[in-house]
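S.K.:
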Amino acid sequence: MSTTNQTPQNTKFTYRRFKEGDTEYRRSQERLFKASWTYKCPTYVQQTPPCQGQCPAGEDIRSYLNIVRGIEKPPVGADGKPSMPWQEYAWRRLTECNPFPAIMGRVCPAPCQGGCNRAKVEEYVGINSVEQFLGNYAIEKGLGFAKPEVETGKKIAVIGGGVAGLSVAYQLRKKGHQITIFEAHSKLGGMLTFGLPAYRTPRDVVDAEVKRITDMGGIDVRCNTRVGKDVTMEQLRQDYDAVFIGIGAQAGNKLDIPGSDAPNVTDGITFLRGFNEGRIDCAGRHIVVIGGGDTAMDCAAVARRLGTICDAQREDENKTKVTIAAREGSSSVIKPLLKQSSEVVIAYRRHVQEMPASKHEIDAVIEEGVELQPCVAPVSVVKGADGKATALRVIKVDWVNKKMVPQEGSEYDIPADLIVCAVGQYIDWEGMDSFKNQKNVANVDKNLQAVGQPGVFVGGDAITPLLLTTAIGHARIAAEGIDQYVMTGEVQKRPKVDKKLFDMPANMTKFGVKFDKVPDGYTRATCDNKNAVHNFDDRADRAVIDAKDLFLGHFNHTPRNERSQHTVNADNVLGNMEERLIALTEAQAQAEAKRCMSCGMCFECDNCVIYCPQGAVKRMPKKEQIAGRYVTTDYFKCIGCHICMDVCPTGYIQMGLGGEGN
Ligand SMILES: Cc1cc2nc3c(=O)[nH]c(=O)nc-3n(C[C@H](O)[C@H](O)[C@H](O)COP(=O)(O)OP(=O)(O)OC[C@H]3O[C@@H](n4cnc5c(N)ncnc54)[C@H](O)[C@@H]3O)c2cc1C
Ligand code: SF4
Ligand code: SF4
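Shown next as structure tokens:
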């Protein structure tokens, strides 16, 4: 079939209905708005919701929320029953992009929620609480990832077994490539294992989500192997079809002031690694943490939990008896110690409101008894006769025109048995120097391919230290580039909105809808092929839908279903390694998903069917209803009044040109 439009068509679905042989060209202007009728008719326009637009991982959030709330249902099997429970179906949709939902649902600062249109009604949708619910469900049920259907025979080396490396391994394994992960540490997980404390990312949760990836088969893990030292980059380039670098930013910035060479001055990454490896069992009486980011909050919170050891001989009623694991290297015997709380101060050079750490974590450490001292800058480390630090000398500062101005003569000392400098990390490129730029981060193009180094891709903190979700997003993009590179030798241009977009045709195929190939090779709906969405336009790869394009009046004010927390405060923080967050129940998760307004995609509210004065909008027959293909318009009846568009809560309906008589 050829259309009335002579411009060359691409091979994507267009879903416009024309009769076979309908080639006559008619000027649109003559057909628009003639008295009481028009050729301007509803079109169904998929756009990217802003939650997804702001999720660095690029999760298809709207889509899995629509499954949780029961709008999109799992495909039905041969026996007429759902092929899987809805929870699993939603989890599988979520993990197309992010293989770590149980972790991200706990510790992602959720930039997605910052973008959520629901805030225009009352408050954002609690996306990561639903994410946590689905992640927990999959762990409880022991769900695994599907093994690849084909083996390509291609071999990919992944350097670094953190979130970036593991996510890339997952994405590439799905495509049938053989993976080898080279990890410098004794265990996979990167910062999840050696950085974030277990009360934020419980180790059984981390282990379950990591193991699920390695259980896909075809992933060879080589721990205790540092690339650049134990094996060279050149060797990997020779032995593998492509290489991914996900080495993170594993080195903490050091304090650079007089006296900072004292043995009891360390950096945040070293301190947390020592704690996570079980090598630190007490922090000291007075701890000073320098910094205002997540790492600083974690250091302070860990120090409050560790406390300081008291004289074990003296039984003191006021002292708390806690049990902690013995140091690594000794036996696995649990060693009882008498402990009491440490006094922990966070010294930060700006105001509290400007701390980069998530508000949630700042509030938590305050509740746990950490003292914040903002607007102070470190001057020197005060040492005792034994050369150890006894205090951190700071100076009060003002901020004038964004410039820090020290207050002369305002220096004072904060007592310290331990000073932890948590002011950022850097990337250790030893043995891989050719990949870094002057800023000590990787030089990459939009496909995350190292500039001038075809076949080598980079992701995660090695590009710039940010978030777990960023590393997951990088991994998806890099994996697509690697796949294209090893299969075709070329890497394609990335779309403007570079997210894991909902692929309606692929979804329809999953439900058994077959598309007929028409003789000219285009795959689109025709007058004889009804298996398509009538006038569907997929703009998701270039448009993010704004709240002003929704019909917000449709939505009632509904309070957010917030997760509750175990109370950890100054009185019970010592030795308290319990997880703080309490996951939503299934009913709460569904209620929260129902608050989603499904921006940019039909959620089957029936408004257009109910309000159309001409009865021109009809539901598709039940058996043919698939996410996004719920209604159809009879263009014989439509008069172009655009009431359907006005009452569509999701902005899915927009007025465009309809086809005459079809
Ligand atoms: C204390 C702390 C708290 C944080 N809290 C949060 C949070 O709450 N939420 C959030 O979203 N983000 C948080 N982050 C950031 C997050 O942890 C990182 O963005 C994320 O871990 C980056 O993942 P990655 O895989 O790039 O690097 P990493 O997790 O650092 O993993 C890199 C891996 O590469 C290995 N490696 C390094 N060099 C080599 C080599 N030469 N050869 C072989 N292997 C090598 C390392 O051993 C490591 O396992 C936090 C970071 C820290 C430090
Ligand atoms: S990964 Fe983070 S930003 Fe993305 S959906 Fe989950 S909570 Fe939101
Ligand atoms: S209402 Fe739903 S689809 Fe819209 S931005 Fe929020 S979570 Fe995303």
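Numbering of the sequence shown is given in my numbering, commencing with residue -16 and proceeding in unit increments. For glycine and all other residues, C-beta sits at the position ideal for the given N, C-alpha and C. A quick note: this is a predicted structure, and the numbers were derived from the prediction, not measured.
(1) Classify K64: buried if its beta carbon has 16 or more other beta carbons within 10 angstroms, exposed otherwise.
(2) Do P632 and H540 have their C-beta atoms closer together than 7 Å?
(3) So, for M491: in the same chain, excluding its five sequence neighbours on each side, which residues have a beta-carbon less than 6 Å away from its beta-carbon?
(4) DSSP on T291, reduced to helix/strand/coil?
(5) Assign S314 to one of two classes, buried (16 or more other C-beta atoms within 10 Å of its C-beta) or exposed (fewer than that).
(6) Which one of V146, A152, L484, K23 has the shortest CA to CA distance from A140?
(7) Measure the alpha-carbon distance for A572 versus Q35 and round it to whole angstroms.
(8) Is the Cβ-Cβ distance between L48 and C627 less than 7 Å?
(9) To the nearest angstrom, report how far apart G650 and Y613 are at their CA atoms.
(10) Hey, which residues come within less than 6 Å of ligand 2, measuring from Cβ to any heavy atom, in chain order?
(11) If you draw a straight line from the C-alpha of R288 to the C-alpha of V388, how long is it?
(12) Smallest Cα separation from A405: which of V248, A129, C588, K620?
(13) For D428, does the count of other Cβ atoms within 10 angstroms reach 16, so buried, or fall short, so exposed?
(14) Name the one or two DSSP bridge partners that Q356 has.
(15) Pair every Cβ in the stretch 468 to 488 with every Cβ in the stretch 163 to 179, then say whether three or more of these pairs are closer than 8 Å.
(16) First and last residue of the beta strand (DSSP E) that includes M638?
(17) May I have the straight-line CA-CA distance separating G97 from I122, to the nearest angstrom?
(18) Under three-state DSSP, which class holds K429?
(19) Just to confirm before moving on: does the CB-CB distance between Q548 and L564 stay below 7 Å?
(20) Three-state secondary structure (DSSP) at T253?
(21) Is C24 helix, strand or coil by DSSP?
(22) Can G290 and L557 be called in contact, C-beta distance under 7 Å?
(23) Is G136 helix, strand or coil by DSSP?
(24) Rounded to the nearest angstrom, how far is the Cβ of G88 from that of S66, given a contact under 8 Å?
(25) Mark G125 as exposed unless 16 or more other C-beta atoms lie within 10 angstroms of its C-beta, in which case mark it buried.
(26) With a threshold of 7 Å on Cβ separation, who are the neighbours of A599 within its own chain once the five nearest residues in sequence on each side are excluded?
(27) Going straight from the alpha carbon of E354 to that of T215, what length do you get?
(28) Could you give the first and the last residue of the continuous alpha helix (DSSP H) run that contains V189?
(29) Comparing C-alpha positions only, which one of C585, G611, A530 sits nearest to K103?
(30) Say yes only if the C-beta of C84 is nearer than 6 Å to one or more non-hydrogen atoms of ligand 3, and no if none qualify.
(31) In whole angstroms, what separates the C-alpha of G435 from that of I329?
(32) Please identify the residue among G257, K23, G251, A576 whose C-alpha is closest to the C-alpha of G276.
(33) In three-state terms, what does DSSP make of H269?
(34) What residue range is occupied by the uninterrupted beta strand (DSSP E) comprising R376?
(35) With burial defined as no fewer than 16 other Cβ atoms inside 10 Å of the residue's Cβ, what is the status of L646: buried or exposed?
(36) Does the beta carbon of R459 fall short of 6 Å from some heavy atom of ligand 3?
M.R.: The short version:
(1) Taking the first residue of the sequence shown as 1, we reach residue 64 at position 81. That one is exposed.
(2) Counted from its first residue, the sequence shown places residue 632 at position 649. Counted from its first residue, the sequence shown places residue 540 at position 557. Not in contact: P632 and H540 (Cβ atoms no closer than 7 Å).
(3) Residue numbering aside, residue 491 sits at position 508 when the sequence shown is read from its first letter. The answer, listed in chain order, is I609.
(4) Within the sequence shown, the letter at position 308 stands for residue 291. Here T291 sits in strand by DSSP.
(5) Within the sequence shown, numbered from 1, the residue matching residue 314 stands at position 331. Caution applies to S314, whose pLDDT of 33 falls short of 50 and renders its modelled position unreliable; the model cannot decide the point.
(6) For the purposes of this step, residue 140 is taken as the residue at position 157 of the sequence shown. Comparing Cα positions, the closest option is A152.
(7) Sequence index remark: in the sequence shown, residue 572 carries index 589 (1-based). Sequence index remark: in the sequence shown, residue 35 carries index 52 (1-based). Cα-Cα distance, rounded: 19 Å.
(8) For this step, residue 48 is matched to residue 65 along the sequence shown. For this step, residue 627 is matched to residue 644 along the sequence shown. No, these two residues do not count as a Cβ contact at 7 Å.
(9) A question about residue 650 goes unanswered here, because the residues of the chain that appear run from -16 up to 645.
(10) C38, A40, E42, I44, N81, M87, C91, A93, P94, C95, I110, N111, E114, T452
(11) Position 305 of the sequence shown holds residue 288. Position 405 of the sequence shown holds residue 388. Their backbone Cα atoms lie some 35 Å apart in a straight line.
(12) Taking the first residue of the sequence shown as position 1, residue 405 is located at position 422. Nearest C-alpha to A405: V248.
(13) Here residue 428 refers to the residue found at position 445 of the sequence shown. Classification of D428: exposed, given that the 10 Å Cβ count is below 16.
(14) As a position in the sequence shown, residue 356 is number 373, starting the count at 1. The partner list for Q356 (beta bridge, DSSP) reads A330.
(15) no
(16) In the sequence shown, counting from the first residue as 1, residue 638 sits at position 655. Element bounds for M638: 636 to 640.
(17) On the sequence shown, residue 97 is found 114 positions in, with the first residue counted as 1. On the sequence shown, residue 122 is found 139 positions in, with the first residue counted as 1. Roughly 28 Å separates the two Cα atoms.
(18) The residue you call residue 429 lines up with position 446 of the sequence shown. Coil.
(19) Taking the first residue of the sequence shown as position 1, residue 548 is located at position 565. Taking the first residue of the sequence shown as position 1, residue 564 is located at position 581. Result yes, Cβ atoms of Q548 and L564 sit closer than 7 Å.
(20) To locate residue 253, count along the sequence shown from 1; it is residue 270. DSSP places T253 in helix when its eight states are reduced to three.
(21) By one-based count along the sequence shown, residue 24 stands at place 41. The three-state secondary structure of C24, taken from DSSP, is strand.
(22) As a first step, residue 290 must be located in the sequence shown, where it is residue number 307. As a first step, residue 557 must be located in the sequence shown, where it is residue number 574. Closer than 7 Å, so yes.
(23) Here residue 136 refers to the residue found at position 153 of the sequence shown. Coil at G136, not helix or strand.
(24) By one-based count along the sequence shown, residue 88 stands at place 105. By one-based count along the sequence shown, residue 66 stands at place 83. Actually they do not touch by this definition, with Cβ atoms about 25 Å apart.
(25) One-based indexing of the sequence shown puts residue 125 at position 142. Looking at its Cβ environment, which holds fewer than 16 other Cβ atoms inside 10 Å, G125 is exposed.
(26) Numbered from its first residue, the sequence shown carries residue 599 at position 616. Cβ neighbours of A599 beyond the five flanking positions: T616, D617, K620, C621.
(27) The residue you call residue 354 lines up with position 371 of the sequence shown. The residue you call residue 215 lines up with position 232 of the sequence shown. Rounded to the nearest angstrom, the two C-alpha atoms are 46 Å apart.
(28) In the sequence shown, the residue the question calls residue 189 occupies position 206. Here the alpha helix (DSSP H) through V189 covers 186 to 197.
(29) Residue mapping note: residue 103 aligns to position 120 of the sequence shown, counting from 1. Ranking C585, G611, A530 by Cα distance to K103 puts A530 first.
(30) Along the sequence shown, read from residue 1 onward, the residue named residue 84 stands at position 101. It is worth fixing the name first, because residue 84 is Pro in this sequence and not Cys. Taking 6 Å as the cut-off, one finds no heavy atom of ligand 3 near enough to the beta carbon of P84.
(31) The residue you call residue 435 lines up with position 452 of the sequence shown. The residue you call residue 329 lines up with position 346 of the sequence shown. Each residue's alpha carbon lies about 43 Å from the other.
(32) For the purposes of this step, residue 276 is identified with residue 293 of the sequence shown, where counting begins at 1. When only C-alpha atoms are compared, the closest one is G251.
(33) One-based indexing of the sequence shown puts residue 269 at position 286. H269 falls in the strand class under three-state DSSP.
(34) The count along the sequence shown starts at 1 and reaches residue 376 at position 393. Boundaries of the beta strand (DSSP E) around R376: 372 to 383.
(35) Lying outside -16 to 645, the shown extent of the chain, residue 646 is not represented and no answer is given.
(36) Numbered from 1 along the sequence shown, position 476 holds the residue referred to as residue 459. No, since every heavy atom of ligand 3 falls outside the 6 Å radius drawn around the Cβ of R459.
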